[in-house]
Amino acid sequence: MTEYFAIFMGVALFILMIPVIYRIGAGPTPFDRMLAVNVIGTKTAVLLVIIGTLFDRVDMFVDFAIAYALLNFVSAIVVSRYLNRTISLDEMEAKENAKKIKS
Amino acid sequence: MKLLSYIPVLVVGVLLLYAAKDFPEWGSPDAPASKSPVSSHFIANTGVDTEVPNMVTAVLADYRGFDTMFETVVVFIAGMAVLAILKNSGRKKLVKREFEVDAEPDLIVTNTVRLLVPVIQIFAFYVLAHGHVSPGGGFQGGVLMGASFILVALSWDLETALIRFPLNWTTILGGLGIFLYAGIGLLSMFLGGEFLDYSELANIFPVSREMARYHAMLGVEIGVGLTVTAIMFSLYANLSTEGRLQRGL
Amino acid sequence: MSLDQTIFIPVLAESLHTTTSPTPLQFFGILLSLLGLFFFVGTAVGMIRFPDFYTRMHAAGKGDTLSTMLMLSGFGLVSMEDLSMGSWLLFFKIMGVVLFIFITCPTSSHALMRAAFEDDEMPMTEKDLKKPSAKKK
Chain L
4 MTEYFAIFMG VALFILMIPV IYRIGAGPTP FDRMLAVNVI GTKTAVLLVI IGTLFDRVDM
64 FVDFAIAYAL LNFVSAIVVS RYLNRTISLD EMEAKENAKK IKS
Chain D
4 MKLLSYIPVL VVGVLLLYAA KDFPEWGSPD APASKSPVSS HFIANTGVDT EVPNMVTAVL
64 ADYRGFDTMF ETVVVFIAGM AVLAILKNSG RKKLVKREFE VDAEPDLIVT NTVRLLVPVI
124 QIFAFYVLAH GHVSPGGGFQ GGVLMGASFI LVALSWDLET ALIRFPLNWT TILGGLGIFL
184 YAGIGLLSMF LGGEFLDYSE LANIFPVSRE MARYHAMLGV EIGVGLTVTA IMFSLYANLS
244 TEGRLQRGL
Chain R
13 MSLDQTIFIP VLAESLHTTT SPTPLQFFGI LLSLLGLFFF VGTAVGMIRF PDFYTRMHAA
73 GKGDTLSTML MLSGFGLVSM EDLSMGSWLL FFKIMGVVLF IFITCPTSSH ALMRAAFEDD
133 EMPMTEKDLK KPSAKKK
């Protein structure tokens, strides 16, 4: 019974991931793509637990799920930081000049 | 042109799917990997020889210890190569970047990372030490440990992370990991066995020969974990700033 | 063709033959997972239908976090076949993943949103809707 339910949940998750994958391909901005990747990453943690239920080794697969969720978080922070905090070199020089004038 | 490039991708994909039909069934005893005498030897003897329940760890750290040692050395050499190429403080001005990083830590992200980093580090130790029973080991634990330091460097800036984990330490720790690995191998050689034959360690420690292999594997994994942690962080610090170690990504 | 013929994993096919009715706790877990699936449907529809980045962020950030938490805790209950020490340990481990996702998922959403805002990604306003070019999006 629980195995049939786990198979159903896994298949349903895969089908519902198709729109999200569409957003990776079609997203107008890089942030859209990254958001969709983030959604799929968190859902992969669920899928790992489902696979663990199917193989009767949930104790093993939970460790993978934690590690996967962690690396997903790190990747989201990396991309957001890369896209956020980078400004062009001219702006940087202008900022430093403004600081010098102030002090 | 972009559409044209889909054609080879599709053709290769269909060919690969067609070839996948000839694979042996999952977990089938007739598969070539299960049939070979080496794997049946490992399956029959790991529990008796080393008392390690997880066969993969036993094969990786004990039966093929020589292979794993030089894998660790390769990781170490990669870190040293990046250091040698990038850490050239003499010609800072030749490297001109198109953009610069405006470092200003975000309040929410830093507080979350403050909560998470201890948890991640404890989990890394768990993965490292629990590799005998469940999937895990030195490489995985080292990657998680390095990721925790990278997370600190990402959410504050690189200087904050370098106060906690200075770059000189990465070289020392990376070397120390390999030294630990090779030291255990050499110690067992001096005790009368072959290089990396851990069972000879039972001569000086009060354990049986099987448990000596069990515990020596843990020591080896700790060595691998140290090297991987140090080199992960060193690679990140050097590559993200092109060797200048300022401001970070 | 029955289900266990199509599935070629031997371990799985064996466990499919022994069908036992779920305990009340497992039934509750199944309900929780289905509720999580419902919220994930919301996320998936929102990812396609919403017009600009911030509204998509609204759909993905909330629905994704809640559905992941519900599904994981549901499967934590489903995997509890008895009330022994081992299954309690497993349940708390899965609850640890739930707590982890509860903390990290909104934070990564916030980081992405802030990155988009500082990168001058403008939210869609009423003016944009009147423009003919907005219809293409």
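The listed protein sequences derive, respectively, from chains L, D and R. What the first sequence shows, in the numbering used here, is residues 4 to 106, in sequence order. What the second sequence shows, in the numbering used here, is residues 4 to 252, in sequence order. What the third sequence shows, in the numbering used here, is residues 13 to 149, in sequence order. Note that the Cβ used here is the ideal one computed from N, Cα and C, for glycine as well.
Our two residues, residue 139 of chain D and residue 4 of chain D, have alpha carbons roughly 44 Å apart in a direct line.
The beta carbon of residue 43 of chain D is closer than 8 Å to those of 37 in its chain, skipping five residues each way along the sequence. By the 16-neighbour rule on beta-carbons within 10 angstroms, residue 103 of chain L is exposed. In terms of Cβ geometry, residue 227 of chain D and residue 75 of chain D form a close pair [threshold 7 Å].
Residue 35 of chain R sits in coil when the DSSP states are folded into three classes, being neither helix nor strand. CA-CA distance, residue 53 of chain D to residue 130 of chain D, rounds to 20 Å. Interface criterion not met: the Cβ of residue 110 of chain R is under 7 Å from no Cβ in chain L.
For residue 49 of chain L, not one C-beta of chain D is nearer than 7 Å to its own C-beta. In the displayed model, residue 136 of chain R falls within coil according to three-state DSSP, outside both helix and strand. Rounded to whole angstroms, the Cβ separation of residue 131 of chain R and residue 87 of chain L is 7 Å, and the two are in contact under 8 Å.
For chain L, the residues of the region 138 to 167 of chain D that bring a beta carbon within less than 8 Å of one of its beta carbons are 138, 139, 143, 147, 150, 153, 154, 157 and 158, in chain order. Chain D has a Cβ within less than 7 Å of the Cβ of residue 63 of chain L.
Listed along the chain, the chain R residues whose CB falls inside 7 Å of the CB of residue 68 of chain L are 109. Residue 159 of chain D sits buried, since 16 or more C-beta atoms from the chains shown fall within 10 Å of its C-beta. Closest option to residue 107 of chain R, judged by alpha-carbon separation, among L:44, L:14 and L:61: L:61. Between residue 45 of chain L and residue 80 of chain R, the gap from beta carbon to beta carbon is short of 7 Å.
Under the three-pair Cβ rule at 8 Å, the region 234 to 243 of chain D counts as touching the region 79 to 87 of chain D. Annotation: the continuous alpha helix (DSSP H) that includes residue 84 of chain L extends over 61 to 87.
Taken in chain order, the complete alpha helix (DSSP H) segments of 4 residues or longer contained in the region 30 to 102 of chain R are 36 to 61 and 65 to 90. With a 10 Å radius around the Cβ and a threshold of 16 neighbouring Cβ atoms, residue 237 of chain D comes out buried.
By the neighbour-count definition (other C-beta atoms within 10 Å, threshold 16), residue 33 of chain R is an exposed residue.
Contact between the region 69 to 80 of chain L and the region 106 to 121 of chain R is established, with three or more Cβ pairs separated by less than 8 Å.
Sequence-ordered contacts of the region 69 to 89 of chain L with chain D read 69, 70, 73, 74, 76, 77, 80, 81, 83, 84, 85, 87, 88 and 89 [C-beta pairs closer than 9 Å]. Boundaries of the alpha helix (DSSP H) around residue 180 of chain D: 170 to 193. Between residue 157 of chain D and the set D:78, D:108 and D:73, the nearest pair of CA atoms involves D:108. When DSSP states are grouped into helix, strand and coil, residue 199 of chain D belongs to the coil group. Considering only beta carbons, the part of the region 118 to 130 of chain R lying closer than 7 Å to chain D consists of 119, 122, 123 and 126, in chain order.
Judged by DSSP secondary structure, residue 46 of chain L falls within the alpha helix (DSSP H) whose first and last residues are 33 to 58. Cβ proximity to chain R below 7 Å picks out 109, 111, 112, 115 and 118 from the region 107 to 118 of chain D. If you look at residue 52 of chain D, you'll find it in the alpha helix (DSSP H) that goes 40 to 53.
For residue 47 of chain D and residue 55 of chain D, the gap between their C-alpha atoms comes out near 12 Å.
Contact annotation, residue 149 of chain D with residue 235 of chain D: C-beta distance approximately 3 Å; criterion of less than 8 Å satisfied.
Flagged as an interface residue toward chain R: residue 8 of chain L, by a C-beta distance shorter than 7 Å. Residue-level contact by beta carbon holds for residue 42 of chain L and chain R, with a gap shorter than 7 Å.
Note that the region 92 to 100 of chain R does not touch the region 58 to 69 of chain R; fewer than 3 beta-carbon pairs, one per stretch, sit closer than 8 Å. Using beta-carbon distances, residue 36 of chain L does not count as an interface residue toward chain R, since no partner is under 7 Å.
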